[in-house]
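Here is the structure we will look at.
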Amino acid sequence: MVTTSENIYTFEQQQYIDSLKKGNYDFQWLKDERPTWGIRAKIKDPERGLTLQDANAAYAGEPEDAPKLRTMAPRGAVLGPDLPDMGYTLNEKYLVWAENVVPLYEEAVARQWSATRDIPWDELKPLPEDIERAQCQISTLLTEIEMIASDFPAKWLWQMNQHFHEVKMFLCTQAMDEARHLEVFRKRALANGGGLMHCLTGTEVFLRTILHAPTYIQGSFLMHVLGEGLVLDIFRGGEFLAQNKVEKEIYRLCMQDEARHVSYGTMHLKYFFEHHPDRETALAEMHTLADVAEMGIPGFLTNPFIVEPLAVLMGGGAKHIDRGMDAVRLIWGRMREEYLSRCELAGFDRRSRTQVPEQPPY
Ligand SMILES: [Fe+2]
Ligand SMILES: [Fe+2]
Numbered sequence: 002m003v004t005t006s007e008n009i010y011t012f013e014q015q016q017y018i019d020s021l022k023k024g025n026y027d028f029q030w031l032k033d034e035r036p037t038w039g040i041r042a043k044i045k046d047p048e049r050g051l052t053l054q055d056a057n058a059a060y061a062g063e064p065e066d067a068p069k070l071r072t073m074a075p076r077g078a079v080l081g082p083d084l085p086d087m088g089y090t091l092n093e094k095y096l097v098w099a100e101n102v103v104p105l106y107e108e109a110v111a112r113q114w115s116a117t118r119d120i121p122w123d124e125l126k127p128l129p130e131d132i133e134r135a136q137c138q139i140s141t142l143l144t145e146i147e148m149i150a151s152d153f154p155a156k157w158l159w160q161m162n163q164h165f166h167e168v169k170m171f172l173c174t175q176a177m178d179e180a181r182h183l184e185v186f187r188k189r190a191l192a193n194g195g196g197l198m199h200c201l202t203g204t205e206v207f208l209r210t211i212l213h214a215p216t217y218i219q220g221s222f223l224m225h226v227l228g229e230g231l232v233l234d235i236f237r238g239g240e241f242l243a244q245n246k247v248e249k250e251i252y253r254l255c256m257q258d259e260a261r262h263v264s265y266g267t268m269h270l271k272y273f274f275e276h277h278p279d280r281e282t283a284l285a286e287m288h289t290l291a292d293v294a295e296m297g298i299p300g301f302l303t304n305p306f307i308v309e310p311l312a313v314l315m316g317g318g319a320k321h322i323d324r325g326m327d328a329v330r331l332i333w334g335r336m337r338e339e340y341l342s343r344c345e346l347a348g349f350d351r352r353s354r355t356q357v358p359e360q361p362p363y
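Residues in the sequence shown are numbered consecutively from 2, following our numbering.
Next up, the structure:
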């Protein structure tokens, strides 16, 4: 079928074309009176530039807690008459928001780094085999688990109402951070004469629970508050795990990123409880989930493929694994304590209820 230029336009488009041919422009966009016209977002800190906080301080765009529309129209824009419904399912602020999400986004953008360029790979030196194996086992574990924190936000991202664009933007930075974490640990496993080691069923079962959590808040609690919290504690111990400048730098840079993810999740949980229409029910449901999920902490630290490589790295070799186990015992206590503190910060009292033992069973 031959299509002619006459029949590919709608009636309105054809009318506009006819009017253009006569030299008549529409200019509606130019005549439109905007009560907010004349906004000038001001830079607060010249060293940082024009931040999202500066833009929101000048004009946040009439934010609502429960926007009625399900469109991609930016907050504050003039809305067209028949904007399509995008099918968003997360349309209330308390379902996605955290009070720190705007500065976290700016920090994430400012602190992006490159696993190719910013790690001094050429300084890697051969290590004793037990230490190389231990580092490669931990690197394999991290290569395996990091991308859950890209996959999980990506699954929910499109379902979040664009009225809350700051949350979506932050989650995009998280997805990129985790791609880089996978990258840097895979590279480490392959860069120093070792290689990829074992994948663990227990960790994958936990990853599956996150990915298939029935609601965003449940998955966010499991991932941001619990899972990434444990990973953050590993990164915080990086200076004891690292055998050289390369590994120190890897753990240091990943720690910065991970701290943002955990911070968003903790503050999101707080916002969720504080603004939930039925706080008591929400708390009870989350307690039921946490009763089971937080047993992942002892699960994580009773897996020989995790405990022993950590102990070898912290003890300085398989011969000194007993010394390293003292450090693993400290990690146990720290993981439990930091997790309980994060819950406390979110107004979620797990301290009086948790079954995670204060002391490790070894
Ligand atoms: Fe990560
Ligand atoms: Fe993360």
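C-beta: ideal position from N, C-alpha, C; glycine also.
No experiment lies behind these values; they were computed from the predicted model shown.
In this structure, DSSP gives M161 an extended state, which the three-state scheme calls strand. A direct Cα-to-Cα measurement between E248 and M268 gives close to 30 Å. As computed with DSSP, L91 is found in a beta bridge with M161. In this structure, V79 is the residue among T204, E100, G194, V79 with its C-alpha nearest to the C-alpha of D33. The beta carbon of A99 sits closer than 6 Å to those of Y265, M268, H269, Y272, all from its chain and outside the five residues before and after it, given in chain order.
Assigned with DSSP and collapsed to three states, Q244 falls in coil, not helix or strand. With a cutoff of 7 Å, C173 does not count as near ligand 1, since its C-beta is closer than that to no heavy atom of the ligand. In this structure, G39 keeps its C-beta atom at 8 Å or more from the C-beta atom of Y60.
Taking the Cα of P299 as reference, the smallest distance to any Cα among A283, G334, R261 is reached at G334. Taken from the Cβ of A135, every heavy atom of ligand 1 lies 7 Å or farther away. Contact between the segment 190-205 and the segment 123-141 is present: three or more C-beta pairs spanning the two stretches fall below 8 Å.
In the DSSP assignment, E107 falls within the unbroken alpha helix (DSSP H) covering 102-111.
Exclusion of the five residues before and after E281 leaves no residue of its chain whose Cβ lies closer than 8 Å to its Cβ. Around the CB of P75, fewer than 16 other CB atoms lie within 10 Å, so the residue is classed as exposed. Residue environment analysis places A111 among the exposed positions, since fewer than 16 neighbouring C-beta atoms fall within 10 angstroms of its C-beta.
Approximately 5 Å separates the beta-carbon atoms of E107 and T52; this is inside 8 Å, confirming the contact. The closest heavy atom of ligand 2 lies 7 Å or more from the beta carbon of E108. W38: not part of any alpha helix (DSSP H); DSSP gives it neither H nor E. Relative to ligand 1, the nearest heavy atom lies less than 7 Å away from the CB of H182. Between A155 and W114, the alpha-carbon positions lie close to 21 Å from each other. Proximity to ligand 1 was defined by a C-beta distance below 7 Å to any of its heavy atoms, and the residues meeting it, in sequence along the chain, are E147, A150, D178, E179, H182, E229, V232, C255, D258, E259, H262.
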